[in-house]
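Just so you know, we're using this note's numbering here: the sequence shown kicks off at 1030 and counts up by one. All residues carry an ideal CB built from backbone N, CA and C; glycine is no exception.
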Amino acid sequence: MRTKRYADLNANCVTPLGESGKCILFRECQPLITIYNKPINTHDDTLLLTQSRCGMLQRKTLVCCPVTSQARSSLPEPPVCGIHLADRVIGGQPTQIDEFPWTALIEFQKPDGSFGFHCGGSLINERYIVTAAHCIKSIPRGWKIHRVRLGEWDLTSANDCQNEFCSNAPIDLDIEQIVVHTGYDTKDQSNANDIALIRFTRAVNYSQTVRPICLPLSSSLRNRNHVGMPAYAAGWGKTESATASEKKLKVEMNIKSLQECAPVYQRGGILLKQTHMCAGGVRGKDTCSGDSGGPLMRQMTGSWYLIGVSRGMDFMQWAAVTMYRSLISDPPQWKPKLPSGFWNSISAVHGNSSICVSCPLSTRSPS
(Lines of atoms letter the chains of each structure in order from A and count residues from 1; the text may use other names and numbers.)
(Lines give C-alpha, C1' and ligand atoms only; values in the text may rest on other atoms or scores of the structure.)
Protein backbone atom coordinates (compact mmCIF):
# COMPACT_ATOMS: atom_id res chain seq x y z
CA MET A 1 0.00 0.00 0.00
CA ARG A 2 1.29 3.45 -0.91
CA THR A 3 0.91 6.45 1.32
CA LYS A 4 -1.02 9.47 0.11
CA ARG A 5 1.43 11.40 -2.04
CA TYR A 6 0.58 14.90 -0.82
CA ALA A 7 -0.53 15.49 2.75
CA ASP A 8 -0.39 18.26 5.31
CA LEU A 9 2.09 18.31 8.17
CA ASN A 10 0.88 16.08 11.03
CA ALA A 11 -1.94 14.69 8.90
CA ASN A 12 -2.95 11.08 9.51
CA CYS A 13 -1.56 8.64 6.95
CA VAL A 14 -0.97 4.95 6.30
CA THR A 15 2.61 3.70 5.92
CA PRO A 16 3.66 1.46 3.00
CA LEU A 17 3.42 -1.43 5.48
CA GLY A 18 -0.18 -0.67 6.35
CA GLU A 19 0.41 0.92 9.76
CA SER A 20 -1.18 4.09 11.09
CA GLY A 21 1.16 7.05 10.85
CA LYS A 22 1.62 10.81 10.91
CA CYS A 23 2.97 12.89 8.04
CA ILE A 24 6.01 14.57 9.59
CA LEU A 25 9.43 15.87 8.61
CA PHE A 26 11.82 13.11 7.62
CA ARG A 27 14.39 14.31 10.17
CA GLU A 28 11.88 13.60 12.96
CA CYS A 29 11.14 9.98 11.95
CA GLN A 30 13.84 7.87 13.59
CA PRO A 31 12.80 4.49 12.08
CA LEU A 32 13.25 5.82 8.53
CA ILE A 33 16.42 7.72 9.46
CA THR A 34 17.89 4.46 10.75
CA ILE A 35 17.20 2.76 7.42
CA TYR A 36 18.51 5.74 5.43
CA ASN A 37 21.79 5.76 7.40
CA LYS A 38 22.61 2.11 6.73
CA PRO A 39 25.96 1.71 4.92
CA ILE A 40 24.18 -0.20 2.15
CA ASN A 41 20.48 0.08 1.36
CA THR A 42 18.73 -2.93 -0.14
CA HIS A 43 16.08 -2.60 -2.83
CA ASP A 44 13.40 -3.06 -0.17
CA ASP A 45 14.97 -0.29 1.93
CA THR A 46 14.94 2.12 -1.01
CA LEU A 47 11.37 1.20 -1.89
CA LEU A 48 10.20 1.73 1.69
CA LEU A 49 11.90 5.13 1.90
CA THR A 50 10.47 6.26 -1.45
CA GLN A 51 6.93 5.07 -0.76
CA SER A 52 6.95 6.65 2.72
CA ARG A 53 7.02 10.17 1.26
CA CYS A 54 3.77 11.99 1.92
CA GLY A 55 4.50 15.55 0.83
CA MET A 56 6.80 18.57 0.99
CA LEU A 57 7.04 21.50 3.39
CA GLN A 58 9.17 24.42 2.24
CA ARG A 59 11.23 22.07 0.08
CA LYS A 60 11.68 19.64 2.97
CA THR A 61 10.47 16.05 2.65
CA LEU A 62 7.54 14.82 4.69
CA VAL A 63 7.24 11.10 5.42
CA CYS A 64 4.53 8.88 6.84
CA CYS A 65 6.07 7.83 10.16
CA PRO A 66 4.51 4.99 12.21
CA VAL A 67 2.60 6.41 15.16
CA THR A 68 3.75 3.62 17.49
CA SER A 69 7.38 4.40 16.71
CA GLN A 70 6.94 8.10 17.47
CA ALA A 71 4.95 7.68 20.65
CA ARG A 72 6.33 4.63 22.39
CA SER A 73 9.30 3.02 20.70
CA SER A 74 12.23 5.37 21.21
CA LEU A 75 15.12 4.07 23.27
CA PRO A 76 15.45 5.92 26.57
CA GLU A 77 18.66 7.59 27.68
CA PRO A 78 19.96 8.41 31.18
CA PRO A 79 18.53 9.32 33.61
CA VAL A 80 15.39 7.52 32.39
CA CYS A 81 17.27 4.24 31.88
CA GLY A 82 19.99 2.42 33.79
CA ILE A 83 19.11 3.78 37.23
CA HIS A 84 18.21 1.89 40.38
CA LEU A 85 18.04 3.18 43.94
CA ALA A 86 19.98 0.35 45.59
CA ASP A 87 23.38 1.51 46.80
CA ARG A 88 25.64 -1.51 46.31
CA VAL A 89 26.33 -4.60 44.23
CA ILE A 90 27.79 -7.63 46.02
CA GLY A 91 28.36 -10.79 44.01
CA GLY A 92 26.53 -13.97 44.89
CA GLN A 93 23.99 -12.27 47.14
CA PRO A 94 20.24 -11.65 46.90
CA THR A 95 19.48 -8.30 45.36
CA GLN A 96 17.66 -5.51 47.09
CA ILE A 97 14.03 -5.31 46.06
CA ASP A 98 14.57 -2.43 43.63
CA GLU A 99 17.94 -3.47 42.21
CA PHE A 100 18.19 -4.05 38.47
CA PRO A 101 14.53 -3.16 37.79
CA TRP A 102 14.93 -4.05 34.10
CA THR A 103 15.21 -7.80 34.70
CA ALA A 104 12.36 -9.72 33.08
CA LEU A 105 11.08 -13.29 33.27
CA ILE A 106 9.64 -15.22 30.33
CA GLU A 107 6.79 -17.58 31.18
CA PHE A 108 6.18 -20.76 29.21
CA GLN A 109 3.13 -22.98 28.90
CA LYS A 110 3.97 -26.69 28.93
CA PRO A 111 2.16 -29.62 27.28
CA ASP A 112 0.52 -30.66 30.57
CA GLY A 113 -1.07 -27.21 30.89
CA SER A 114 1.28 -25.99 33.63
CA PHE A 115 3.22 -22.74 33.47
CA GLY A 116 6.77 -21.85 34.49
CA PHE A 117 9.47 -19.20 34.19
CA HIS A 118 12.48 -20.61 32.37
CA CYS A 119 14.23 -17.65 30.71
CA GLY A 120 15.00 -14.04 31.45
CA GLY A 121 15.41 -10.80 29.58
CA SER A 122 16.09 -7.08 29.93
CA LEU A 123 13.61 -4.24 29.52
CA ILE A 124 14.94 -1.65 27.05
CA ASN A 125 11.86 0.57 26.66
CA GLU A 126 8.11 0.56 27.28
CA ARG A 127 7.41 -2.14 24.68
CA TYR A 128 10.47 -4.41 24.37
CA ILE A 129 12.77 -6.79 26.17
CA VAL A 130 16.01 -8.21 24.81
CA THR A 131 16.49 -11.93 25.41
CA ALA A 132 18.34 -14.91 23.95
CA ALA A 133 17.32 -16.53 20.67
CA HIS A 134 17.68 -19.98 22.22
CA CYS A 135 14.86 -19.08 24.63
CA ILE A 136 12.65 -18.85 21.55
CA LYS A 137 14.04 -21.49 19.20
CA SER A 138 15.61 -24.14 21.46
CA ILE A 139 12.88 -24.81 24.02
CA PRO A 140 11.56 -28.33 24.75
CA ARG A 141 9.02 -29.82 22.38
CA GLY A 142 5.48 -28.71 23.14
CA TRP A 143 6.45 -25.61 25.12
CA LYS A 144 4.91 -22.28 24.13
CA ILE A 145 5.97 -18.78 25.13
CA HIS A 146 3.10 -17.37 27.16
CA ARG A 147 3.88 -14.01 28.78
CA VAL A 148 6.61 -11.72 30.09
CA ARG A 149 6.78 -10.66 33.74
CA LEU A 150 8.32 -7.39 34.97
CA GLY A 151 8.80 -6.06 38.49
CA GLU A 152 9.41 -9.46 40.11
CA TRP A 153 11.76 -10.05 43.05
CA ASP A 154 10.59 -12.98 45.22
CA LEU A 155 8.82 -15.71 43.27
CA THR A 156 7.23 -17.11 46.44
CA SER A 157 5.49 -13.86 47.36
CA ALA A 158 2.53 -12.17 45.67
CA ASN A 159 3.56 -8.78 47.07
CA ASP A 160 7.26 -8.27 47.66
CA CYS A 161 8.44 -6.37 50.76
CA GLN A 162 11.90 -5.63 52.16
CA ASN A 163 12.94 -3.32 54.99
CA GLU A 164 9.47 -1.79 55.26
CA PHE A 165 9.34 -1.07 51.52
CA CYS A 166 6.72 -2.95 49.53
CA SER A 167 6.67 -2.91 45.75
CA ASN A 168 3.68 -3.03 43.46
CA ALA A 169 2.57 -6.44 42.24
CA PRO A 170 4.54 -7.78 39.26
CA ILE A 171 3.24 -6.99 35.78
CA ASP A 172 2.39 -9.84 33.39
CA LEU A 173 2.41 -8.79 29.74
CA ASP A 174 0.99 -10.51 26.69
CA ILE A 175 3.26 -10.79 23.66
CA GLU A 176 2.56 -9.11 20.34
CA GLN A 177 5.68 -9.96 18.36
CA ILE A 178 8.94 -11.89 18.60
CA VAL A 179 11.97 -11.06 16.45
CA VAL A 180 14.84 -13.59 16.43
CA HIS A 181 18.20 -12.83 14.85
CA THR A 182 18.08 -14.35 11.38
CA GLY A 183 21.61 -15.71 11.77
CA TYR A 184 20.82 -17.84 14.82
CA ASP A 185 21.21 -21.57 14.15
CA THR A 186 20.17 -24.11 16.77
CA LYS A 187 22.78 -26.53 15.39
CA ASP A 188 25.67 -24.07 15.71
CA GLN A 189 27.72 -25.13 18.74
CA SER A 190 29.27 -21.67 19.05
CA ASN A 191 25.82 -20.19 19.74
CA ALA A 192 26.46 -17.21 17.49
CA ASN A 193 23.74 -14.58 17.08
CA ASP A 194 21.92 -15.77 20.20
CA ILE A 195 19.78 -12.66 20.58
CA ALA A 196 16.09 -11.80 20.16
CA LEU A 197 13.47 -9.15 20.91
CA ILE A 198 10.02 -9.56 22.43
CA ARG A 199 7.40 -6.85 21.98
CA PHE A 200 4.45 -6.46 24.38
CA THR A 201 0.87 -5.81 23.34
CA ARG A 202 0.89 -2.63 25.42
CA ALA A 203 3.32 -0.14 26.88
CA VAL A 204 4.38 -0.38 30.52
CA ASN A 205 4.64 2.48 32.98
CA TYR A 206 7.98 2.90 34.69
CA SER A 207 8.25 2.68 38.47
CA GLN A 208 10.86 2.04 41.14
CA THR A 209 10.82 -1.68 40.30
CA VAL A 210 10.11 -1.48 36.55
CA ARG A 211 12.62 0.59 34.62
CA PRO A 212 14.67 0.06 31.43
CA ILE A 213 18.39 -0.57 31.20
CA CYS A 214 20.40 1.64 28.86
CA LEU A 215 21.82 0.48 25.55
CA PRO A 216 25.20 1.89 24.47
CA LEU A 217 23.95 4.35 21.87
CA SER A 218 27.01 6.57 21.48
CA SER A 219 30.06 5.43 19.53
CA SER A 220 32.29 6.02 22.57
CA LEU A 221 30.23 3.58 24.64
CA ARG A 222 29.86 1.02 21.85
CA ASN A 223 33.60 0.93 21.21
CA ARG A 224 34.77 0.67 24.82
CA ASN A 225 37.22 -2.09 25.69
CA HIS A 226 35.64 -4.07 28.53
CA VAL A 227 38.55 -6.49 29.10
CA GLY A 228 39.71 -6.41 32.70
CA MET A 229 36.62 -4.56 33.84
CA PRO A 230 33.93 -5.81 36.23
CA ALA A 231 30.49 -6.68 34.92
CA TYR A 232 27.43 -8.07 36.64
CA ALA A 233 24.73 -10.64 36.03
CA ALA A 234 21.38 -10.74 37.80
CA GLY A 235 18.46 -13.13 37.81
CA TRP A 236 16.90 -16.19 39.36
CA GLY A 237 19.05 -18.79 37.59
CA LYS A 238 16.17 -19.66 35.29
CA THR A 239 17.02 -22.04 32.46
CA GLU A 240 15.05 -24.67 30.57
CA SER A 241 15.87 -27.22 33.28
CA ALA A 242 16.87 -25.45 36.49
CA THR A 243 16.17 -22.71 39.03
CA ALA A 244 18.91 -21.38 41.29
CA SER A 245 16.88 -19.14 43.58
CA GLU A 246 13.37 -17.94 44.35
CA LYS A 247 14.76 -14.43 44.94
CA LYS A 248 16.63 -12.39 42.37
CA LEU A 249 20.39 -12.79 42.77
CA LYS A 250 23.37 -10.79 41.54
CA VAL A 251 26.91 -11.89 40.78
CA GLU A 252 30.09 -10.12 39.73
CA MET A 253 31.91 -11.15 36.55
CA ASN A 254 35.34 -10.14 35.31
CA ILE A 255 35.73 -9.72 31.55
CA LYS A 256 38.80 -11.63 30.36
CA SER A 257 41.08 -11.64 27.35
CA LEU A 258 40.54 -14.16 24.58
CA GLN A 259 43.87 -15.85 25.32
CA GLU A 260 42.93 -16.45 28.96
CA CYS A 261 39.65 -18.25 28.32
CA ALA A 262 40.28 -20.01 25.00
CA PRO A 263 41.63 -23.24 26.60
CA VAL A 264 38.40 -23.71 28.57
CA TYR A 265 36.35 -23.65 25.38
CA GLN A 266 38.77 -25.82 23.45
CA ARG A 267 38.18 -28.62 25.96
CA GLY A 268 34.52 -28.47 24.98
CA GLY A 269 35.28 -28.51 21.27
CA ILE A 270 34.54 -24.82 20.71
CA LEU A 271 37.10 -22.67 18.92
CA LEU A 272 36.88 -19.01 19.87
CA LYS A 273 37.45 -16.39 17.20
CA GLN A 274 38.90 -12.91 17.37
CA THR A 275 35.36 -11.56 17.42
CA HIS A 276 34.60 -13.29 20.74
CA MET A 277 35.02 -11.92 24.24
CA CYS A 278 35.09 -13.88 27.51
CA ALA A 279 34.27 -13.26 31.15
CA GLY A 280 34.35 -15.39 34.26
CA GLY A 281 33.14 -15.32 37.81
CA VAL A 282 35.06 -13.77 40.67
CA ARG A 283 36.37 -16.49 42.99
CA GLY A 284 34.23 -16.90 46.08
CA LYS A 285 31.39 -14.88 44.58
CA ASP A 286 30.34 -16.85 41.54
CA THR A 287 26.95 -18.46 42.14
CA CYS A 288 26.10 -18.69 38.44
CA SER A 289 22.88 -16.86 39.16
CA GLY A 290 22.06 -15.49 35.73
CA ASP A 291 19.04 -16.47 33.68
CA SER A 292 19.10 -17.75 30.13
CA GLY A 293 18.48 -14.57 28.17
CA GLY A 294 19.28 -12.39 31.17
CA PRO A 295 21.62 -9.38 31.27
CA LEU A 296 25.35 -8.90 31.53
CA MET A 297 25.73 -5.32 32.72
CA ARG A 298 28.29 -2.62 33.36
CA GLN A 299 27.90 0.67 35.14
CA MET A 300 29.36 3.42 32.95
CA THR A 301 29.05 7.18 33.29
CA GLY A 302 26.76 6.69 36.27
CA SER A 303 24.19 4.47 34.54
CA TRP A 304 23.82 0.73 33.92
CA TYR A 305 24.25 -0.50 30.35
CA LEU A 306 23.39 -3.84 28.79
CA ILE A 307 26.50 -5.35 27.18
CA GLY A 308 25.58 -9.03 26.95
CA VAL A 309 22.73 -11.55 26.84
CA SER A 310 23.17 -14.79 28.78
CA ARG A 311 23.40 -18.25 27.25
CA GLY A 312 22.48 -19.91 30.54
CA MET A 313 23.51 -20.94 34.01
CA ASP A 314 25.86 -23.88 33.45
CA PHE A 315 27.82 -22.56 30.48
CA MET A 316 27.51 -18.82 30.67
CA GLN A 317 27.86 -17.61 27.13
CA TRP A 318 26.82 -14.09 26.28
CA ALA A 319 25.72 -12.50 23.02
CA ALA A 320 27.43 -9.11 22.81
CA VAL A 321 24.73 -6.49 22.43
CA THR A 322 27.07 -3.99 20.77
CA MET A 323 28.24 -6.38 18.07
CA TYR A 324 25.24 -7.18 15.90
CA ARG A 325 25.49 -5.04 12.80
CA SER A 326 24.00 -7.90 10.77
CA LEU A 327 20.66 -7.44 12.52
CA ILE A 328 19.93 -4.44 10.30
CA SER A 329 19.64 -6.81 7.33
CA ASP A 330 16.37 -8.20 8.70
CA PRO A 331 13.31 -7.66 6.48
CA PRO A 332 12.29 -3.98 6.57
CA GLN A 333 8.76 -4.83 7.62
CA TRP A 334 10.09 -5.43 11.16
CA LYS A 335 11.80 -2.09 11.44
CA PRO A 336 8.91 0.33 11.97
CA LYS A 337 7.88 -1.68 15.03
CA LEU A 338 11.36 -1.90 16.52
CA PRO A 339 12.57 0.71 19.01
CA SER A 340 13.83 3.87 17.39
CA GLY A 341 17.63 3.79 17.49
CA PHE A 342 17.80 0.10 18.38
CA TRP A 343 19.70 -0.98 15.30
CA ASN A 344 22.18 1.87 15.69
CA SER A 345 22.77 0.94 19.32
CA ILE A 346 23.69 -2.63 18.44
CA SER A 347 25.96 -1.72 15.55
CA ALA A 348 29.72 -1.59 15.91
CA VAL A 349 32.82 -1.86 13.78
CA HIS A 350 33.55 -5.31 15.17
CA GLY A 351 30.94 -7.08 13.01
CA ASN A 352 28.77 -9.67 14.76
CA SER A 353 30.13 -11.56 17.71
CA SER A 354 29.43 -13.15 21.06
CA ILE A 355 30.64 -12.57 24.57
CA CYS A 356 31.41 -15.97 26.05
CA VAL A 357 31.45 -16.61 29.76
CA SER A 358 32.37 -19.81 31.57
CA CYS A 359 31.13 -20.17 35.10
CA PRO A 360 33.55 -20.42 36.82
CA LEU A 361 36.15 -19.62 34.19
CA SER A 362 39.11 -21.53 35.57
CA THR A 363 37.87 -25.12 35.69
CA ARG A 364 34.56 -25.75 33.95
CA SER A 365 34.46 -27.13 30.44
CA PRO A 366 31.58 -26.03 28.24
CA SER A 367 28.84 -28.57 27.63
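Just confirm the distance between the C-beta atoms of residue i and residue j, as a whole number of angstroms; I'd bet it's less than 8 Å.
i, j, result
"I1227", "I1207", "5 Å"
"R1231", "I1204", "Actually they do not touch by this definition, with Cβ atoms about 11 Å apart."
"G1149", "A1133", "6 Å"
"R1340", "D1223", "6 Å"
"I1284", "V1256", "5 Å"
"L1179", "L1202", "7 Å"
Which residues in the same chain as residue i place their Cβ atom closer than 7 Å to its Cβ, once the five residues preceding and following it in sequence are excluded?
i, result
"L1061", "F1055, L1078, S1081, V1092 and C1094"
"W1363", "Here W1363 scores only 40 on pLDDT, less than 50, and its place in the model is too uncertain to base an answer on."
Under a Cβ-count criterion, where at least 16 other Cβ atoms within 10 Å of its own Cβ denotes burial, should residue i be classed as buried or exposed?
i, result
"L1076", "exposed"
"T1160", "buried"
"C1190", "exposed"
"K1173", "exposed"
"T1215", "exposed"
"S1085", "Position check: residue 1085 holds Met in this sequence, whereas Ser was assumed. So M1085 ends up on the exposed side."
"P1292", "exposed"
"A1221", "buried"
"R1296", "exposed"
"P1068", "exposed"
"D1217", "exposed"
Looking only at its chain, what residues have a beta carbon closer than 8 Å to the beta carbon of residue i, apart from the 5 residues adjacent to it on each side?
i, result
"T1124", "A1115, W1182, A1263, K1276, K1277, L1278 and K1279"
"Q1122", "L1278 and K1279"
"K1051", "N1039, A1040, N1041, C1042, C1093, C1094, V1096 and Q1099"
Tell me which same chain residues have a C-beta within less than 6 Å of the C-beta of residue i, skipping the five on either side of it?
i, result
"N1252", "none"
"R1327", "A1260, Y1334 and I1336"
Reducing DSSP to helix, strand and coil, say where residue i ends up.
i, result
"T1132", "strand"
"L1046", "coil"
"L1038", "coil"
"R1228", "strand"
"G1313", "Bear in mind that a pLDDT of 44 at G1313, under 50, signals an unreliable position, so the number given afterwards is only what the model happens to contain. Correct three-state label for G1313: coil."
"T1090", "strand"
"S1151", "strand"
"I1064", "helix"
"D1167", "The residue you asked about is not Asp; residue 1167 is Ser in the sequence shown. In this structure, S1167 counts as coil in the three-state DSSP scheme."
"Y1261", "strand"
"L1076", "helix"
"P1292", "helix"
"E1057", "helix"
"P1140", "coil"
"G1120", "A caution first: G1120 carries a pLDDT of 47, below 50, which makes its placement in the model unreliable, though a value can still be read off. Correct three-state label for G1120: coil."
Please confirm whether any heavy atom of the ligand PLP lies closer than 6 Å to the CB of residue i.
i, result
"S1321", "Annotation note on the ligand PLP: not contained in the displayed structure, which lists no ligands."
Exercise. Are the stretch 1040–1048 and the stretch 1071–1081 touching, with three or more C-beta to C-beta distances below 8 Å?
Worked result: These segments touch.
Exercise. Touch check for the stretch 1186–1203 and the stretch 1288–1297: three-plus C-beta pairs under 8 Å?
Worked result: Result no; under three Cβ-Cβ pairs closer than 8 Å.
For this session: Would you be able to state if there are at least three C-beta pairs under 8 Å between the stretch 1135–1147 and the stretch 1273–1281?
Result: Short answer: they don't touch.
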